[in-house]
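As structure tokens, the structure follows; a few thoughts come after it.
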Amino acid sequence: MTLQEITGSAHNFEECMKCTVCTAYCPVVPVNPRYPGPKQAGPDGERLRLKDPEFFDEALKYCLNCKRCEVVCPSGVNVADIIQEARIRYSKSKPKLRDRILASTDFMGSMVRPIAPMVNGVLSLGLTKSIMDGVLAVDKHRTFPKYSFESFEGWFKRNAEASQKQYKEKVAYFHGCYVGYNFPQLGKDFVKVMNALGIGVELLDKEKCCGVAMISNGMSEAARKNALNNSAAIAKVAASGMRVLATSSTCTFTMRDEYPELLKVDNSAWRNSLLLATRFIYEAVSSGRKKLVFRDSYKARIAYHTPCHLEKLGWGIFSTGLIKMIPGVELIHLDSNCCGIAGTYGFKKENYEASQAIGKALFDDIASAAADFVACDCETCKWQIEMSTGNKVLHPVSILAEALDLDLTAEANK
Amino acid sequence: MKFQVIIIGGGLAGLTAGLSLQKKGVSCAIISSGENALHFSSGSFSGDCPEEVVPLFAEAGVVLKGNPAKDSWRFTPSGSMQKVRLAFEDVTLYEEDKIKASKVLIANPEGFIDFPTAFIADGLSQQGVSCKVKSFSLPCLKTLRESPSEMRSVGIAKKLDCRINEVAGAIHKLLDGEDLVVLPQVFGLTSPEPVRALRDAVPAEISFIGTMPPSVPGIRVQMQLKKAFEKAGGTFLMGDTAVSAEISDGTVRFIRTRNLDSHILTADNYILASGTFFSKGLSSTMQKIYEPLFGLDVDCPTERTQWYSEDVFAPQPYMAAGVVTDADLHPLKDGQPVTNLFAAGSILAGEKNAGMALTSTFKVVKKIAL
Numbered sequence: 000m001t002l003q004e005i006t007g008s009a010h011n012f013e014e015c016m017k018c019t020v021c022t023a024y025c026p027v028v029p030v031n032p033r034y035p036g037p038k039q040a041g042p043d044g045e046r047l048r049l050k051d052p053e054f055f056d057e058a059l060k061y062c063l064n065c066k067r068c069e070v071v072c073p074s075g076v077n078v079a080d081i082i083q084e085a086r087i088r089y090s091k092s093k094p095k096l097r098d099r100i101l102a103s104t105d106f107m108g109s110m111v112r113p114i115a116p117m118v119n120g121v122l123s124l125g126l127t128k129s130i131m132d133g134v135l136a137v138d139k140h141r142t143f144p145k146y147s148f149e150s151f152e153g154w155f156k157r158n159a160e161a162s163q164k165q166y167k168e169k170v171a172y173f174h175g176c177y178v179g180y181n182f183p184q185l186g187k188d189f190v191k192v193m194n195a196l197g198i199g200v201e202l203l204d205k206e207k208c209c210g211v212a213m214i215s216n217g218m219s220e221a222a223r224k225n226a227l228n229n230s231a232a233i234a235k236v237a238a239s240g241m242r243v244l245a246t247s248s249t250c251t252f253t254m255r256d257e258y259p260e261l262l263k264v265d266n267s268a269w270r271n272s273l274l275l276a277t278r279f280i281y282e283a284v285s286s287g288r289k290k291l292v293f294r295d296s297y298k299a300r301i302a303y304h305t306p307c308h309l310e311k312l313g314w315g316i317f318s319t320g321l322i323k324m325i326p327g328v329e330l331i332h333l334d335s336n337c338c339g340i341a342g343t344y345g346f347k348k349e350n351y352e353a354s355q356a357i358g359k360a361l362f363d364d365i366a367s368a369a370a371d372f373v374a375c376d377c378e379t380c381k382w383q384i385e386m387s388t389g390n391k392v393l394h395p396v397s398i399l400a401e402a403l404d405l406d407l408t409a410e411a412n413k
Numbered sequence: 000m001k002f003q004v005i006i007i008g009g010g011l012a013g014l015t016a017g018l019s020l021q022k023k024g025v026s027c028a029i030i031s032s033g034e035n036a037l038h039f040s041s042g043s044f045s046g047d048c049p050e051e052v053v054p055l056f057a058e059a060g061v062v063l064k065g066n067p068a069k070d071s072w073r074f075t076p077s078g079s080m081q082k083v084r085l086a087f088e089d090v091t092l093y094e095e096d097k098i099k100a101s102k103v104l105i106a107n108p109e110g111f112i113d114f115p116t117a118f119i120a121d122g123l124s125q126q127g128v129s130c131k132v133k134s135f136s137l138p139c140l141k142t143l144r145e146s147p148s149e150m151r152s153v154g155i156a157k158k159l160d161c162r163i164n165e166v167a168g169a170i171h172k173l174l175d176g177e178d179l180v181v182l183p184q185v186f187g188l189t190s191p192e193p194v195r196a197l198r199d200a201v202p203a204e205i206s207f208i209g210t211m212p213p214s215v216p217g218i219r220v221q222m223q224l225k226k227a228f229e230k231a232g233g234t235f236l237m238g239d240t241a242v243s244a245e246i247s248d249g250t251v252r253f254i255r256t257r258n259l260d261s262h263i264l265t266a267d268n269y270i271l272a273s274g275t276f277f278s279k280g281l282s283s284t285m286q287k288i289y290e291p292l293f294g295l296d297v298d299c300p301t302e303r304t305q306w307y308s309e310d311v312f313a314p315q316p317y318m319a320a321g322v323v324t325d326a327d328l329h330p331l332k333d334g335q336p337v338t339n340l341f342a343a344g345s346i347l348a349g350e351k352n353a354g355m356a357l358t359s360t361f362k363v364v365k366k367i368a369l
């Protein structure tokens, strides 16, 4: 019998040594005194909650779920999992309309896409922002990510699907809500790069939002439904030996680690088949299986920001490793700091100030890097950095699409 | 992924090895399973220290006071004097076993309980030095006090580092002819500047003394060393754990980590700087103490009853447990040296201190980069 079975906690809270290193590195603690800090909210609080659920503190909602506490913990305690699981188990507060809207990225995307130009126009109006600020408590400083008129799936079916049949080697692509509804260009870049490598792209059978925004907005039941749907879709492809690639570090992290840990969806059959695109490409190239041919004229000074969930995955080395392969690139590795947006967290009026204060160290670092642009694998970091610093943010796959000589690369991989 | 050297452990030994090698042009990766013992540092190193550490740390912006080959003394939070060799700049060093002051002010942020002012006052009066204990408060500390878990060293440093003038003003008001001010180490989290600025602004010597963990100067030094290592081109795998290693014909072939799973890491040489029990460099069952990654030979009493001394203040035998090496610091596995593996720091069997950790580290660095 394991200690967890005896204590009734799903996580290893009893391994906490009370050293407080997690709290020292928590980005929320210095900016929000109402947040009890990861040690108190996590392992310390767990002891009490197991005794009596009345000890649950709604202030746990201030946790960003950035997982930095877990990355620094010397004892390997899943501090953030303990906190998120406590919210799922004990929280009595129901998500507000605002939270439901922010979390339902799939639903919102498919509803507004046909009227995207109008929605984009309306969302950017000062009056709309004031109303959303007043009525929904979505902070007026935020610029909503634009909705695309054509969804990625629509584009793919019309323009790319047929030509994918010519490739013998194939991967499946989990594009996520951001590529799906807001920024199909990244998906188009992904298809371009994979095709140049001699690899065809397939889409999953009805992918749904990974569920990360639902988890953080207290909608774990809905998140679990999505997880079961995605798990079945990925398992089907993975069973045929195909890799499933994603461009979003948070979607990848959520499906690999949050599904089993928080949503109790067993992904052991396919967990290792799901990879971040940068890792897959890096491994293919470094093993000599695939070749990249770059354009001589490509020159850039790039500052790389490691998103929190990529830091937790430990796969940042693949993204930076890929960028470093481009001969004309000077890479500056930014200090690992949270940008403050944490998905939907920073969109909420009550979190806006904290969100910007958390990001300040990163914004200052970006300013002093004096780069041509910032590179990053996360879409919400991109919004935050673009809004807060004025710097353009590109995904490593988009950088590759730009820096590669696609024809010569395709030739080299024939 | 391939490196010239892979270092397991991102503490004092691992970071020093990585920084030193990377500066010599040797490509290194450090695998660090969470943060390390520098986060619990008292701010000083005892035991014979190698000279090379002083210029290496200075290049990373870390000033080390004292003489690596000669003892100095520092005043400890328990009120006693301790022999040390080197210290971070926060600490005041004395040439003899006695504090140099005629009248001391012990000043503590109001509500901060991780600083034992009574022990310190008691220690000073035993030395015949008169002192008084005063607390000071600033409006910015009020929010910290609302949450008892936040009134800790690091939380205070985050508030006070950008308000050194206010702190200096508050201490000034408490001063009444004292020539030494004792303060807890709650200044200088991201840079040593606040420590220097406070010394400049207060008309008395200031000695910053260790608090309960986490250690503010320790975290700062860890960040400075890590930053310098990465700037020199090193790869730091934070929050990852080496879970298994392949050894054949007395040579390490590759390492697997938890995060990189199927993606193996290879190197020409490997350095084991994984520390002891807290950092899981050593583990134990009811029967034995063992080294979990490579299964190396461990020197420790075979009988469990011999692991401990009943006198709680005596040196505990289990604390001297560690891996056995040949003269070149190659650890032994089943009695045979592993030829491309080195051990450095507290994972080595025997007495443990920072000096020994640094001495073994530089010895390994010289073996790898002649």
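Just so you know, the protein sequences line up as chains A and B, in that order.
According to numbering that gives the first Met the number 0, the first sequence is numbered sequentially starting from 0.
According to numbering that gives the first Met the number 0, the second sequence is numbered sequentially starting from 0.
Heads up, the beta-carbon is just placed ideally off N, CA and C, and yes, glycines get one too.
Model, not experiment: these values are computed from the prediction.
Closer than 8 angstroms to chain A by CB, residue i
{"i": "B:His262", "result": "yes"}
{"i": "B:Pro115", "result": "no"}
{"i": "B:Val153", "result": "yes"}
{"i": "B:Lys157", "result": "yes"}
{"i": "B:Met150", "result": "no"}
{"i": "B:Ile218", "result": "yes"}
Buried versus exposed call for residue i [16 or more other C-beta atoms within 10 Å across all chains shown]
{"i": "A:Lys391", "result": "exposed"}
{"i": "B:Lys97", "result": "exposed"}
{"i": "B:Gly65", "result": "buried"}
{"i": "B:Asp325", "result": "exposed"}
{"i": "B:Ile346", "result": "buried"}
{"i": "B:Lys131", "result": "exposed"}
{"i": "A:Thr251", "result": "buried"}
{"i": "A:Leu393", "result": "buried"}
{"i": "A:Arg223", "result": "buried"}
{"i": "A:Arg48", "result": "buried"}
Within chain B, the residues that residue i reaches when beta carbons sit closer than 7 angstroms
{"i": "A:Cys72", "result": "Gly33"}
Residue i at chain B interface by Cβ criterion, 8 angstroms
{"i": "A:Ile233", "result": "no"}
{"i": "A:His308", "result": "no"}
{"i": "A:Trp269", "result": "no"}
{"i": "A:Gly339", "result": "no"}
{"i": "A:His304", "result": "no"}
{"i": "A:Glu378", "result": "no"}
{"i": "A:Val243", "result": "no"}
{"i": "A:Val27", "result": "no"}
Neighbouring residues, chain A, relative to residue i (Cβ below 8 angstroms)
{"i": "B:His38", "result": "Cys18, Val20, Ala23, Pro73"}
{"i": "B:Thr234", "result": "Ile316"}
{"i": "B:Met422", "result": "It is not possible to answer for residue 422 of chain B, since the shown part of chain B is limited to 0 through 369."}
{"i": "B:Thr142", "result": "Pro32"}
Where residue i meets chain B, residues with beta-carbon distance less than 8 angstroms
{"i": "A:Lys289", "result": "What A:Lys289 touches in chain B: nothing, since even the nearest Cβ is about 16 angstroms away."}
Where residue i meets chain A, residues with beta-carbon distance less than 7 angstroms
{"i": "B:Pro212", "result": "Cys18, Thr19"}
{"i": "B:Phe277", "result": "Pro73"}
Proximal chain A residues relative to residue i, where beta-carbon distance stays under 9 angstroms
{"i": "B:Phe228", "result": "Chain A residues near B:Phe228: none, gap ~11 angstroms exceeds 9 angstroms."}
{"i": "B:Phe312", "result": "Near B:Phe312 there are no residues of chain A at all, since even the closest Cβ is about 22 angstroms away, more than 9 angstroms."}
{"i": "B:Glu145", "result": "Pro32, Arg33"}
{"i": "B:Thr338", "result": "Per Cβ cutoff of 9 angstroms: no residues; B:Thr338 is ~26 angstroms from chain A at best."}
Neighbour list for residue i in chain B, Cβ cutoff strictly below 9 angstroms
{"i": "A:Lys311", "result": "Gly238, Asn258"}
Cβ distance (whole Å) where residue i is taken to contact residue j below 8 angstroms
{"i": "B:His38", "j": "B:Gly154", "result": "Incorrect: roughly 14 angstroms between the Cβ atoms, too far for contact."}
{"i": "A:Gly36", "j": "A:Val30", "result": "Not really, about 12 angstroms apart at Cβ, beyond 8 angstroms."}
{"i": "B:Ala167", "j": "B:Phe186", "result": "The Cβ separation is near 11 angstroms, so there is no contact."}
{"i": "A:Cys421", "j": "A:Leu361", "result": "Since the first residue of chain A shown is 0 and the last is 413, residue 421 of chain A is not available in this structure."}
{"i": "A:Glu206", "j": "A:Ala232", "result": "6 angstroms"}
{"i": "B:Gly42", "j": "B:Ala86", "result": "6 angstroms"}
{"i": "B:Ala203", "j": "B:Asp178", "result": "5 angstroms"}
Open item on the list: Counting only Cβ-Cβ distances shorter than 8 angstroms, please list the residues of the segment 332–360 of chain A near chain B, keeping chain order.
Closed with: His332, Asp334, Ser335
Open item on the list: Closer than 7 angstroms between beta carbons: that is the criterion. Which residues of the segment 35–50 of chain A meet it against chain B?
Closed with: Pro35, Gly36, Lys38, Gln39
TODO: Using a Cβ-Cβ cut-off of less than 9 angstroms, give me the residues of the segment 134–168 of chain A that come near chain B, in sequence order.
DONE: none
TODO: May I ask you to list, following chain order, the residues of the segment 366–398 of chain A that have a beta carbon less than 7 angstroms from some beta carbon of chain B?
DONE: none
Task: Residues of the segment 60–71 of chain A with Cβ closer than 9 angstroms to any Cβ of chain B, in chain order - done: Lys66, Arg67, Glu69, Val70, Val71
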